[in-house]
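Line order of the protein sequences matches chains D and U.
In terms of the numbering used here, the first sequence opens at residue 1 and continues consecutively.
In terms of the numbering used here, the second sequence opens at residue 253 and continues consecutively.
Note that the Cβ used here is the ideal one computed from N, Cα and C, for glycine as well.
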Amino acid sequence: MFPIISLGPLSLPAPAFILIIGYLAGSFLLDKKASSFSIDSEIIDRALWIGTITALLGARLSYIAGSPAAFKGNLISIISLNPALLDPIGGLVIGIAAIFFVISKHNIDYWAFLDSLTPFLSSIFPAYFFSRFAAGDGYGLITDLPWGIYLWGATRHPVQLYLAAFSLIPLIIILLYAPFKNLPSGGTFLLFSIATSGYILFFTAFQEPRSTLISGFRIAQIISWLFLLSTILLLNYRVRSSPNKEKNEGKE
Amino acid sequence: MNLHCIGCGLRLKTYLKKIRIPLSVTILVAGLAWIWFTRFPVGPGPSSPIEAPQVGFLAPDFTLSSLYSQEIRLANLKGRPIVLNFWTSWCPPCKAEMPAFQEAFQEYSGSNLQIVAINATNQDSLTEVTQFIEEYGISFPIPLDQSGAVSRDYLVHSLPTTYFIDKNGIIKEIIIGGPIPLSLLRIQVSQLLAE
Numbered sequence: 001m002f003p004i005i006s007l008g009p010l011s012l013p014a015p016a017f018i019l020i021i022g023y024l025a026g027s028f029l030l031d032k033k034a035s036s037f038s039i040d041s042e043i044i045d046r047a048l049w050i051g052t053i054t055a056l057l058g059a060r061l062s063y064i065a066g067s068p069a070a071f072k073g074n075l076i077s078i079i080s081l082n083p084a085l086l087d088p089i090g091g092l093v094i095g096i097a098a099i100f101f102v103i104s105k106h107n108i109d110y111w112a113f114l115d116s117l118t119p120f121l122s123s124i125f126p127a128y129f130f131s132r133f134a135a136g137d138g139y140g141l142i143t144d145l146p147w148g149i150y151l152w153g154a155t156r157h158p159v160q161l162y163l164a165a166f167s168l169i170p171l172i173i174i175l176l177y178a179p180f181k182n183l184p185s186g187g188t189f190l191l192f193s194i195a196t197s198g199y200i201l202f203f204t205a206f207q208e209p210r211s212t213l214i215s216g217f218r219i220a221q222i223i224s225w226l227f228l229l230s231t232i233l234l235l236n237y238r239v240r241s242s243p244n245k246e247k248n249e250g251k252e
Numbered sequence: 253m254n255l256h257c258i259g260c261g262l263r264l265k266t267y268l269k270k271i272r273i274p275l276s277v278t279i280l281v282a283g284l285a286w287i288w289f290t291r292f293p294v295g296p297g298p299s300s301p302i303e304a305p306q307v308g309f310l311a312p313d314f315t316l317s318s319l320y321s322q323e324i325r326l327a328n329l330k331g332r333p334i335v336l337n338f339w340t341s342w343c344p345p346c347k348a349e350m351p352a353f354q355e356a357f358q359e360y361s362g363s364n365l366q367i368v369a370i371n372a373t374n375q376d377s378l379t380e381v382t383q384f385i386e387e388y389g390i391s392f393p394i395p396l397d398q399s400g401a402v403s404r405d406y407l408v409h410s411l412p413t414t415y416f417i418d419k420n421g422i423i424k425e426i427i428i429g430g431p432i433p434l435s436l437l438r439i440q441v442s443q444l445l446a447e
């Protein structure tokens, strides 16, 4: 756990710093891979920047909308730089909506766009899990396994490191092999989503749950499974409804 | 050679097409089984919760003296929601957020909320601290962490750092850095009071 990086008199919050590195690395990969997805990288870059800025503004507005009375007589705090005044889920929804608005204005196929966004996403996930490890957040269950780490008064599963390590696998595969030519448009994104929701579903079992449903089921696992279900169904649908490339290849 | 490889690829693709549905069903069923198998045991938590400066854990206990030699012990405040702030007089965001803490202290004086602002005195001077308290008209308790032991127990790496602790002594939120505006204090405090 290393929440603060100290550089002389300067203290940087390590989790935010790692996320920014992941974002920049993702943008770089997106630019590098955009041509192989046959999409103009400038449009994706623009959509991503607009999405990021809209997400930040949306996160603040969503936070204010949640408790408007708290800002009474203290309107100046609306523009506070404190990140605790952000609603991440609200921001994410608004940011995604903004990205799709930009994409639809350029008449780009949504599935092709999602494929081209996959290198960016595959870079964000390792950064996200490492940032949670840096913050000491999302800690694991108590264990006596030899690779357990001492955190918060006990030896625990280094669950954020499990997740970070496994999130590197899709990143490496996408760097080396994407786009997957045999799959229909959207296939690269859907395969990445299946892999991601699969390892999250698996490793969240070793995490100390913040919130559980009735009978101790972890909410994070249930959400992952639902995501896994929808992405598997979508991939099967995309494969079935796409033109048969094999036949075409055979004819050629 | 190429023809042979294309043939292999086609056979693999055909094979994958055939097993697509059974594979999907197997993955989904295995996922459900894993969720069932790894569900968290329901029942009372550990009899003595672990003390750690992290959300969900018991706030580490301390006993410190204030500027006016009044002894303050965290365990004695159990049953009351607490806003626990770490600060120094030379830190600009600490200075900037102190008026908001004083305003919140007055605003919630009718509730049982307790604001405690620990001065990291091992990094500060008592003269500066006294001047600061008088200048800002602070009326909530200011314990002095002369040895730095409490700051170490709370893993305070950056100033200011603020812990929001519920009436059972469990840390509910940690905000590293500042300044914390009054609106954020209000939201966090109302969540603590609502429990």
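Residues that DSSP places opposite residue i in a beta bridge
| i | result |
| --- | --- |
| W339 of chain U | U:N371 |
| Q207 of chain D | D:G140 |
| F416 of chain U | U:V335 and U:E425 |
| S317 of chain U | U:E323 and U:L396 |
| P13 of chain D | D:I4 |
| Q366 of chain U | U:I334 |
Proximity winner among the options, relative to residue i (alpha-carbon distances)
| i | options | result |
| --- | --- | --- |
| S410 of chain U | U:R272, U:T379, U:T315 and U:W339 | U:W339 |
| M1 of chain D | D:I200, D:L168, D:W225 and D:R156 | D:R156 |
| S116 of chain D | D:I219, D:I4 and D:D45 | D:D45 |
| R438 of chain U | D:I64, D:I232, D:Y110 and D:S230 | D:I64 |
| S403 of chain U | U:Y388, U:E386, U:I370 and U:P431 | U:I370 |
| T188 of chain D | D:K33, D:F217 and D:D87 | D:K33 |
| P3 of chain D | D:G186, D:F133, D:E208 and D:H106 | D:F133 |
| N328 of chain U | U:K419, U:Q440, U:I426 and U:L444 | U:K419 |
| A237 of chain D | D:P184, D:S197 and D:A25 | The sequence shown places Tyr at residue 237 of chain D, not Ala. Nearest option by C-alpha distance: D:P184. |
| A49 of chain D | D:S27, D:S62, D:I149 and D:F166 | This sequence places Trp at residue 49 of chain D; Ala is not what is there. Nearest option by C-alpha distance: D:S27. |
| P351 of chain U | U:W288, U:S442, U:G430 and U:Q443 | U:G430 |
| T373 of chain U | U:P345, U:G389 and U:S341 | U:S341 |
| L29 of chain D | D:I76, D:A165, D:I172 and D:A195 | D:I172 |
| A401 of chain U | U:L365, U:L316, U:I428 and U:E380 | U:L316 |
| Q443 of chain U | D:S67, D:L12, D:S104 and D:A127 | D:S67 |
| S253 of chain D | D:S41, D:A25 and D:S122 | Past the boundaries of the shown model lies residue 253 of chain D; chain D is included only from 1 to 252, so the question cannot be answered. |
| L191 of chain D | D:L61, D:S241, D:I169 and D:P209 | D:I169 |
| A348 of chain U | U:Y388, U:T290, U:P305 and U:S276 | U:Y388 |
| G362 of chain U | U:I273, U:T278, U:L275 and U:L445 | U:L445 |
| Y199 of chain D | D:R60, D:F129, D:N82 and D:A16 | D:F129 |
| S62 of chain D | D:G51, D:I79, D:P88 and D:K105 | D:P88 |
| Q354 of chain U | U:P344, U:Q366 and U:C343 | U:Q366 |
| L145 of chain D | D:P158, D:N182 and D:N74 | D:P158 |
| I427 of chain U | D:A25, D:A84, D:F166 and D:D31 | D:A84 |
| S215 of chain D | U:P293, U:V277 and U:L280 | U:P293 |
Reduced DSSP category for residue i - H, G, I as helix; E, B as strand; rest coil
| i | result |
| --- | --- |
| L114 of chain D | helix |
| Q354 of chain U | helix |
| A108 of chain D | Correcting the residue identity first, residue 108 of chain D is Ile in this sequence and not Ala. Coil. |
| L445 of chain U | helix |
| Q306 of chain U | coil |
| F292 of chain U | coil |
| N182 of chain D | coil |
| V408 of chain U | coil |
| Y128 of chain D | helix |
| S242 of chain D | coil |
| K72 of chain D | coil |
| P431 of chain U | coil |
| P345 of chain U | helix |
| A25 of chain D | helix |
| Y237 of chain D | helix |
Start-to-end residues for the alpha helix (DSSP H) that takes in residue i
| i | result |
| --- | --- |
| L57 of chain D | S41 to G66 |
| R404 of chain U | A401 to D405 |
| I169 of chain D | V159 to Y177 |
| Y388 of chain U | L378 to Y388 |
Endpoints, beta strand (DSSP E) assigned at residue i
| i | result |
| --- | --- |
| R156 of chain D | A154 to R156 |
| L151 of chain D | I149 to L151 |
Taking one C-beta from the segment 320–328 of chain U and one from the segment 347–360 of chain U each time, how about it: are there three or more such pairs within less than 8 Å? no
Does the count of Cβ pairs from the segment 200–207 of chain D and the segment 217–232 of chain D closer than 8 Å reach three? Because the criterion of three Cβ pairs below 8 Å is met, the segment 200–207 of chain D and the segment 217–232 of chain D touch.
Is the segment 91–102 of chain D in contact with the segment 122–141 of chain D, if contact means three or more CB pairs nearer than 8 Å? no
Three or more C-beta pairs under 8 Å: does that hold for the segment 46–58 of chain D against the segment 77–95 of chain D? yes
Would you say the segment 268–275 of chain U touches the segment 104–121 of chain D, given that touching needs at least three Cβ pairs under 8 Å? no
For the segment 283–290 of chain U and the segment 171–186 of chain D, state whether three or more C-beta atom pairs, one from each stretch, are separated by less than 8 Å. no
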